[in-house]
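First the structure, in the form of structure tokens, and then the observations on it.
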Amino acid sequence: MASLTGRRAIRQIMTITQNPKNLPWANSLLGEIKALRQQLANPHDEFGAASAGDISHLLDAGVRLETMLATGSQPANQHDLMNVLTAARGYAEMLREDIGATHLGIDTRLSALLTCIQTAHEDNTEQESPGNRFIQSEPGFILAVDDLQENRELVARNLSRSGHIVITAASGEEALRALEQSDVDVVLLDLLMPGMDGREVLRRIKEHPQWRATPVIVISGSQDMDGIIECIEAGADDYLFKPFNPILLQARIKAGIERKRWHDKEQQYRQQLERNEKFIRATFGRYLSDEIVTDILERPEGLELGGDLRRVSIMLSDIRGFTTLSEHLAPAQVVTMLNRYLGAMTEIIMAHHGTIDEFIGDAILAVFGAPQHRDDDADRAVLCALAMQDAMIAINIQNEAEGFPAVSTGIAINTGDVIAGNIGSERRSKYGFVGHPMNVTSRIEDVTRGGEILISDSTLQSLKHSFKLGRSEDINVKGIDETITVHQITGEEE
Amino acid sequence: MTAEKFILLVEDNELNRDMMVRRLNRAGLKVITAGNGQQALDMMQAEQPSIVLMDMNLPILDGWAASRRAKEDERIRHIPIIALTAHATETHKQYALAAGCDGYATKPVDFPALLITIKRLALA
């Protein structure tokens, strides 16, 4: 069992330091503890181990209360006092439940003890006296550092009366420990202390990345203006000379708390911005290249996602016969194979600054030219398609090594005006594309063979570089009476 | 999914902690314990208790700071916290609520009232 005298001073919340003579219920409580001990003096073998344990704990709590409330002892700390009272109350209530009905004498004593504890509880509840507040201030968490106990108590009483929570430290070392352990709003720091003095504490606070913003009010015992100026240069926010006027102390504390609140708000705002940026990167990063995401984030006006008409090159790729293929493989194998394929293709599309609109099963729909237009959108789309076909060789080598069938993909590219923007409902929307050129791309894809790249006439006309062309074909597009010419791309022109 | 519900009790006073564990067990509630605020945060992450009873005056990291950190942490912010304090003033209550605590009880703890709060916040 820990000794009561071994308390760490910094853990003492000084709000209410109780002197036994100030506690109207102390004497009757002490009387009840004595009476209960006499009542329980005779051995009661019939109680059973559980109740015997409760009795021993209750008596232990009684001894502690006697030590704390003894006349002439150090004022008892509110926290420790209430802890022991809670334990005593709990054990007493359990004992009444378990053995009260069969041991009326003990029950009577327990009941009287509980009445005393109840009085203590009510007394505890009535401590606040808002009439004593001099300065209206948002409540703050104050750390008061002073090596003299009377000074700590004076400050604690004054500030807790005006609604603040005060913890105290008796030395520089304790002050640093208290800062680790609590979120402190303002530090009230005595400069002259044995061991680590106030200047050293101040220096460490201002060096610490998490504490730096905590306002420090330094307190000097002498009218040592040079010393104060030195501290302000070292980062102190305010100062007081002893003996200080309590109202002045409250005003300074109020200003300190306000400064801290502003800082906290600013910090929160900054963190929110960082979270937003992370969110944008996570959301768009899956579809857009890093470069485009950075560009969107860096543009002061942000990116207009409202919807506008854009000339883009649309690419649609599809594995030939994948549906039939997937019927012969186990679901896990299908997913492994598909992820390998889509992973490799995504890398290539991103490297060519394409925007992946969506994966539709094994098909990939990507767009070049939105959200960011570049002059070589069509060229990059074609180069990307060639790189994708090249990559299929490596994918198939790996597939074969693992016993999967070889696959081939057909890629269609079309260029035209589409509407790009946030499309969907309020609950669910994404940056996407609509327009006739999208349907045309899909129609071209229908006639593309495995391993082949087909581009529309409009894409061919948008190209700035020369590519090797293979067969050409006229195709009809469903829905409208239109024939378009498609061209096979077989490679780059040397 | 009905994972078993249990309480994390954070209390550094061993006399009080033993009493509370015994009493909560008697009320049919499973309890794990932590002795300081930092340990409480670690255990909230690792064990995902249904509710936390947190003393405010704790070593290493106090109850206010621990509650604030818990409510900033996406993994554990959903876990309700009942503040236990030795101070019954409005300031202490408001401060605990501002730190993100969902409920508040002063010592010496009124156990039936605490049970009702626990049930309301976590076991409904």
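Sequence order for the protein chains is A and B. To get our numbering, take the position in the first sequence, counting from 1, and add 21. To get our numbering, take the position in the second sequence, counting from 1, and add 372. Backbone N, C-alpha and C define an ideal beta-carbon position, used for all residues, glycine too. Predicted, not measured: the structure shown is a model, and the values here were computed from it.
Counting C-beta pairs with one atom in each stretch, the region 164-178 of chain A and the region 399-407 of chain B have fewer than three that are closer than 8 angstroms, which means they do not touch. Pairwise C-beta distances place the region 279-290 of chain A out of contact with the region 401-412 of chain A, as fewer than three of them are shorter than 8 angstroms. Near chain A, meaning a CB-to-CB distance below 8 angstroms, the residues of the region 385-404 of chain B are N385, E386, L387, N388, D390, M391, M392, R394, R395 and R398. Taking 9 angstroms as the cut-off, the Cβ atoms of A:T376 and A:A391 count as close. In the structure shown, A:A165 adopts extended strand secondary structure according to DSSP, grouped into three states.
Around the beta carbon of A:V455, a 10 Å sphere encloses fewer than 16 other beta carbons of the protein chains shown; the residue is thus reported as exposed. Here A:T430 is buried: its Cβ has 16 or more other Cβ atoms, across all protein chains shown, within 10 Å. Listed along chain A is no residue with a C-beta nearer than 8 angstroms to that of B:R492; the closest approach is about 21 angstroms.
At least 9 angstroms separates the beta-carbon of A:V461 from that of A:R331. Here DSSP, grouped into helix, strand and coil, assigns A:V207 to strand.
Classified as buried, B:P421 has 16 or more neighbouring CB atoms from the shown chains inside 10 Å of its CB.
What B:L433 touches in chain A, judged by beta-carbon distance under 7 angstroms, is Q202, going in chain order. When the five nearest sequence neighbours on each side are left out, the beta carbons in the same chain lying within less than 6 angstroms of the beta carbon of A:L135 are those of A113, in order along the chain.
In this structure, the straight-line span from the alpha carbon of B:E444 to that of B:D434 is close to 16 angstroms. The C-alpha of A:R198 lies about 13 angstroms from the C-alpha of A:A165. Per DSSP, A:Q244 lies in no alpha helix (DSSP H) segment and is marked neither H nor E.
Membership of A:E503 in the beta strand (DSSP E) is indicated by the continuous run E503 to E513. Contacts with chain A at 9 angstroms (Cβ-Cβ) do not include B:L380. Shown here, A:L330 sits in a strand according to DSSP, grouped into three states. Annotation: A:D495 is outside any alpha helix (DSSP H); the continuous beta strand (DSSP E) that includes it extends over F488 to V498. B:M391 carries a helical assignment under DSSP once its states are collapsed to helix, strand and coil. As far as DSSP is concerned, A:N104 takes part in no beta bridge.
At least one CB atom of chain B sits nearer than 9 angstroms to the CB of A:V105. At a cut-off of 9 angstroms between C-beta atoms, A:Y112 counts as an interface residue with respect to chain B. In this model, A:A412 and A:D383 are separated by some 16 angstroms (Cα to Cα). When DSSP states are grouped into helix, strand and coil, A:A190 belongs to the strand group. For the pair B:M428 and B:T457, the CB atoms are nearer than the 9 angstroms cut-off. Burial check for B:L495: the Cβ neighbour count within 10 Å stays below 16, so the residue is exposed.
When only Cα atoms are considered, B:F378 and B:L401 end up about 6 angstroms apart.
Inter-segment contact for the region 409-428 of chain A and the region 352-361 of chain A is present: three or more beta-carbon pairs are separated by less than 8 angstroms. With contact defined as three or more Cβ pairs closer than 8 angstroms, the region 219-237 of chain A and the region 245-256 of chain A are in contact. Around the CB of A:L294, fewer than 16 other CB atoms lie within 10 Å, so the residue is classed as exposed. For the pair B:I432 and A:M103, the Cα-to-Cα distance works out to about 21 angstroms.
DSSP, reduced to helix, strand and coil, places B:L430 outside both helices and strands of the structure shown, so it counts as coil. DSSP places A:M217 in the coil class of the three-state scheme, outside both helix and strand. Minimum Cα-Cα distance from A:T345 among the listed residues A:I240, A:A133 and A:P426 corresponds to A:P426.
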